[in-house]
Every structure is written in structure tokens, then in C-alpha cells.
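Following my numbering, the numbering of the sequence shown begins with 77 at its first residue and continues without gaps. Each residue gets a CB set at the ideal place from its N, CA and C atoms; glycine is no exception. See structure below.
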Amino acid sequence: MALKRVGGTLDTWLAPLRAIRQQLSNELLCLQDDGAQEMLIAEKNIEYGVTALLANVTIQEHIASRNLQVHGYMLDAPSGRIRDLGLGPKSSTLTAIASPTHEIIRGNYAQLIFEEDGTATMTAK
């Protein structure tokens with residue numbers, strides 16, 4: 077993400093990400109991979125977003141009165157996986173979905189299921 081201005085509302089939208097990038101400048105220098113740098117910025121952006129929501133009075137009221145839960149998840153678009161960043165309540169249906177104990181790979185004719193303990197099974201369609 078370039079530091080130069082792009083103009084209009086895009087600058088407003090990018091301002092928080094640029095601030096995070098500035099705050100993490102030393103950590104980002106240690107990461108050689110651009111993808112790893114972008115991932116760190118994105119994770120911090122989600123963390124700050126969750127923190128901002130939890131500081132909101134209306135959100136706090138709904139947490140108390142309606143059992144509202146605020147979570148921090150990240151979608152890895154290339155793999156289609158949702159990753160729980162550990163922000164918010166530890167036990168929920170969403171956390172179970174985002175942190176599965178197995179990996180499923182589906183093909184045209186079968187699917188492979190790799191369990192956390194290293195075992196695998198295959199099911200033909």
C-alpha cells in the first residue's frame with residue numbers, strides 16, 4: 077500500500093490502514109514477504125475494529141442485555157478458509173466453524189478428510 081494520496085473518499089477509507097502500517101513499521105521491516113506484511117496489517121485492522129466496536133456504548137448495552145458477541149475473523153480468499161484471530165468469546169458456533177479439527181479436500185470423484193491426529197479417510201462420491 078503506497079503512502080501517497082489517491083484522492084477522494086479512498087484516502088479517508090485507507091487512512092486507518094496507513095496509520096496501522098505506520099505503527100507497525102519496525103515489525104514490517106522484519107518481514108521480507110509482502111504477503112506476510114499485508115497479513116499483519118489486515119490482522120491488526122481487524123483487532124482495532126473489534127476494539128472499537130467493544131468500546132461503543134450501544135454495543136456494550138447489547139452485550140449485556142441481548143448477549144451480543146463480537147468476534148474477529150479473517151477470510152483467506154485464496155483458500156476460502158475463515159481464521160479465528162482469537163478476539164471475542166472463546167466458545168461459540170462461529171469459533172468451532174473457523175477452527176475445525178480436520179481439513180476436507182473435495183475432488184470431482186472423492187473427498188479426503190485429514191484429521192488433526194494425522195489420520196486420513198477417503199470417501200468416493
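Item                                                                         : Value
Cα-Cα separation, Q113 to L104                                               : 6 Å
Which of helix, strand or coil DSSP assigns to Q113                          : helix
Helix, strand or coil at E192 [DSSP, three-state]                            : coil
For L130 and H138, believed in contact at Cβ under 8 Å, the rounded distance : Contact flag wrong, Cβ pair sits at about 11 Å.
Enclosing alpha helix (DSSP H) for H138 [first to last residue]              : 133-142
Nearest to R97 (by Cα), restricted to the options L188, R159, E192, Y124     : Y124
Reference S155; option with closest CA among R182, D109, L107                : R182
Proximity to H178 [Cα-Cα], best of M198, L163, Q108                          : M198
Reduced DSSP secondary structure (H/G/I, E/B, other) of G156                 : coil
One or two residues paired with I122 in a DSSP bridge                        : Its beta-bridge partners do not exist; DSSP assigns none.
Which residues DSSP lists as bridging G148, in chain order                   : L163
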